[in-house]
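See structure below.
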Amino acid sequence: MIVQHTDEGFITNIMFDPVPDEIVQAMTNKNIKFINIKGTPLPPEQLLHPISGEMVVDELGEPIFQSPGLRDVIIDLSHDYVFDGAITPRPIFEAPDIIHIKADGVDMQVVENLPEGATLIVDGKIHMLEGTSLTISSDMPAQYDILIQKFPYLDRTIRVVADAA
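Taking UniProt numbering, the leading residue of the sequence shown gets 1, the next gets one more, and so forth.
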């Protein structure tokens with residue numbers, strides 16, 4: 001299985017086996033980032049004749065066992081990435097699921113340890129996080145969802161509930 005990826009490890013394409021050697025060579029020649037993952041053999045099974053269904057034996061009369069194929073690596077495109085040449089779960093950053101504040105323009109909550117340079121999406125508007133903390137306040141009662149994105153971390157949404165003071 002060929003897993004094509006960006007320099008950051010974002011998986012862009014998966015090609016399942018068998019992958020022709022010509023494709024691997026072309027990707028190598030074009031300096032395309034990829035890893036070649038070999039599946040693990042499935043446990044051997046007794047070989048049966050495809051028509052009669054009878055057990056196939058060797059010249060000594062012993063049953064022949066062989067693996068029926070390979071078990072591919074399972075990749076979840078939304079939760080995995082390539083790190084150090086291996087499929088790796090994307091890291092998670094800690095943040096609260098929900099924050100309650102008073103909608104008085106004074107009460108605030110600070111969310112710490114966010115990924116530096118993360119993209120924040122609030123009501124369809126994109127903002128860039130400067131530093132690693134986010135101060136949240138509101139002067140209007142409402143509910144807001146803040147989507148926080150920074151690859152390779154998994155996306156995280158914080159719900160802010162600004163209650164009437």
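The beta carbon of each residue, even a glycine, is placed where N, CA and C say it ideally should be.
For the beta strand (DSSP E) containing residue i, list its first residue and its last residue.
i	result
V24	No beta strand (DSSP E) holds V24; the alpha helix (DSSP H) holding it covers D21 to N29.
F34	F34 to N36
V161	R156 to D163
S137	L134 to S137
M55	From DSSP, M55 is part of no beta strand (DSSP E); its letter is neither H nor E.
T12	I11 to M15
L120	T119 to V122
M128	K125 to M128
M108	M108 to V111
Name the DSSP bridge partner or partners of residue i?
i	result
S67	In DSSP, S67 forms no bridge with anything.
L81	As written in the sequence, residue 81 is Tyr, which differs from the Leu given in the question. The partner list for Y81 (beta bridge, DSSP) reads T88.
A142	A162
H100	V161
How would you label residue i, buried or exposed, when you count the other beta carbons within 10 angstroms and need 16 or more for buried?
i	result
A142	exposed
V110	exposed
H5	buried
L42	exposed
A86	exposed
I23	exposed
G9	buried
A26	exposed
Comparing the C-beta of residue i with each C-beta of chain C, is any distance below 8 Å?
i	result
F10	Judged by its chain identifiers, the structure shown contains no chain C, having just a single protein chain.
Should residue i be listed as close to the ligand FAD, given that the test is whether its C-beta is under 7 Å from any heavy atom?
i	result
I2	With respect to the ligand FAD, the structure shown offers nothing to examine, as it has no ligands at all.
Quick check: the region 90-110 against the region 158-165, are at least 3 beta-carbon pairs closer than 8 Å? yes
Taking contact to mean 3 or more Cβ pairs, one atom from each stretch, closer than 8 Å, check whether the region 67-85 and the region 28-47 are in contact. yes
On the three-pair Cβ rule with 8 Å, is the region 45-63 touching the region 130-149? no
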